[in-house]
Amino acid sequence: MQDDEAALAADIPIAPLDLLVILRHPPHGSSWLREGVDVALVAAAFGQSVGLLFQGDGVFALVEGQCAGPLGQKGTHAQLAMLEMYDIERLWVSANALRARGLMPADLMLPVQLLEAEALERLIHAQPRTLLF
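As structure tokens, then:
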């Protein structure tokens with residue numbers, strides 16, 4: 060999605076989910092991101108509508124071609140590839156976070172919707188339950 064399309068996302072109505080999981084940590088160096096994805100998968104397995112928002116260094120989890128992390132830490136690609144199987148199809152990415160890290164939507168392994176700051180704020184405020192990882 061191009062920047063002009065991301066700006067259009069601000070006009071799209073945002074329906075509340077049962078759970079919004081915000082992933083802000085990188086995929087390696089800690090277990091935060093893996094745990095956030097695990098929570099999303101478990102909630103979806105119990106029939107909850109779940110969406111993921113990638114912000115900050117969390118956007119690196121979506122970059123194609125990652126390997127295992129330091130100390131044998133597993134990569135997150137296998138987990139992220141399972142999202143569709145659990146009906147987690149609402150994936151958002153902070154457009155500012157992508158730009159700040161020199162990434163483009165074509166660099167990402169999954170289709171996502173880019174959101175500018177105003178749309179991110181609306182998304183978060185529309186959710187009854189939000190977890191940060």
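With the numbering used here as the guide, the letters of the sequence shown map in order to residues 60 to 192. Glycine included, C-beta positions come from ideal geometry on N, C-alpha and C.
### Query
With C-beta atoms as the reference, is R149 less than 8 Å away from L76?
yes
### Query
Which class does R158 belong to by DSSP, given the choice of helix, strand or coil?
helix
### Query
To which residues does DSSP link S153 through a beta bridge?
L174
#### Entry: Own chain, CB closer than 7 Å to P187, minus 5 neighbours either side, in chain order
P75
### Message
I'd like to confirm the pairing. Which residues does DSSP put opposite T189 in its beta bridges?
### Response
L79
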